[in-house]
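Take a look at the structure set out below.
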Amino acid sequence: MVRRIDVTGRGGVRLAAWEFTDPPKEQPEVGRRSGAPSGQRPGSGVLLLHGLMGRASHWATTARWLSGSYRAVCLDQRGHGRSDKPSEGPFDRESFVADAEAAIEQLGLGPVALIGHSMGALTAWQLAAKRPDLVRSLVICDMRASPLGEQSQREWEQWFEHWPLPFATLADVRRWFGEEDPTLERPNPSRGDFYAEVMAERSDGWRPVFSRRQMLLARETWVYDAHWEELAQVRCPALVVRGVDGELGRAEAQEMVRVLPRGSYAEVSDAGHLVHYDQPDGWRVAVEPFLRRTMAAGDEEGVIPC
């Protein structure tokens, strides 16, 4: 079962959070105030943050196996999914981090395991650096700490311009993003499925649920900068996961692990940038033992391992 819980983000932006678990039949008064279910162990929450253009539903497979042991919540970040899309934002780093912070506090999730993909991973490690009291452990999925630069932003602008909108059918969406997109090196059906989830049917066909202009605004707030300093400030255990064919190279990933005070490394074979979507079984094998170890450590010691 999935239930929606609204969260108030920075500046009053309404955010949609999705909990993949059966809600308790009754909750004590304190549980209702904090958003924590009755009987939930403190610090057993997991918050999952999607990447740019993503949505909470992209984490569904992961959230379902997590929900067997933890309180798994996925957040539609501002400008994405069912959350508000304020015309002029803001879509800066501070707002995304503050939104995730608000979700943890309003839902009573902390100290939490943060799992982030791409831009969501950057949000996760920036929050872990800012609020170590809220974060028990951290999973960084296929996000670079080095700046991508102006050329990368221009390429994204050009790529958006070439989308053949509107798509007549969802099959056309899957075919273009999975096979025909000129940026693809080889066909990738899971990529087609990924983008089909962020399309909605309009009067003239299928269009993205997000604004491409807003996505560029969000991206330009981090694409020109390096984020090594913030990595070095993360005190909790952190796992860097990359797809072998993803955007994060092995050398940079291992340097990120070196910079992280308590970093470790995993890679998933036959996976591209969309690691958890391309190879969900390999992703689980890489992530589940880390979560089991770091979450259990806090329970046994009675402290947050940060």
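Each residue of the sequence shown is one higher than the one before, starting from 1 at the first, in our numbering.
Idealized CB from N, CA, C, for every residue including glycine.
Since the model is a prediction, treat every value here as computed from it, not as a measurement.
- For ARG14 and LEU122, the gap between their C-alpha atoms comes out near 21 Å.
- About 22 Å separates the beta carbon of HIS50 from that of GLY108, a gap too long to meet the 8 Å contact definition.
- Counted as a single uninterrupted DSSP element, the alpha helix (DSSP H) harbouring TRP156 occupies residues 150-161.
- Contact check for GLY272 against ASP278 passes: the beta carbons are separated by less than 8 Å.
- The Cβ atoms of LEU274 and SER190 sit closer than 8 Å to each other.
- For secondary structure counted as the alpha helix (DSSP H) over 4 or more consecutive residues, the segment 251-284 holds these complete runs in sequence order: 275-278.
- Looking at the DSSP output, HIS117 bridges to CYS141.
- At a Cβ-Cβ threshold of 8 Å, ALA113 and SER137 count as neighbours.
- Per the DSSP secondary-structure output, ARG14 pairs in a beta bridge with THR8.
- Residues LEU114, VAL135, LEU138, VAL234 and CYS236 of the same chain have their beta carbon placed closer than 7 Å to that of ALA128, with the five preceding and five following residues left out of the count.
- Short of 8 Å from the beta carbon of THR221, and not among the five residues preceding or following it, lie these beta carbons of its own chain, in chain order: PHE91, ASP92 and ARG93.
- Counting only unbroken stretches of 4 or more residues, the alpha helix (DSSP H) elements lying wholly within the segment 190-243 are 212-219 and 228-232, in sequence order.
- Within the segment 35-88, complete beta strand (DSSP E) segments of at least 3 residues are found at 45-49 and 71-76, given in chain order.
- For ASP193, the closest of ASP204, ARG175, GLY205 and GLU185 by C-alpha to C-alpha distance is ARG175.
- A contact between stretches requires three or more CB pairs, one per stretch, nearer than 8 Å, and the segment 158-176 meets this requirement with the segment 202-215.
- For ALA72, the CB contacts under 6 Å within the same chain, skipping 5 residues up- and downstream, are PHE20, VAL46, ALA63 and LEU66 in chain order.
- In this structure VAL259 does not touch TRP283 by the C-beta definition: roughly 23 Å separates them, more than the 8 Å allowed.
- GLU88 and GLN214 have their alpha carbons spaced roughly 8 Å apart.
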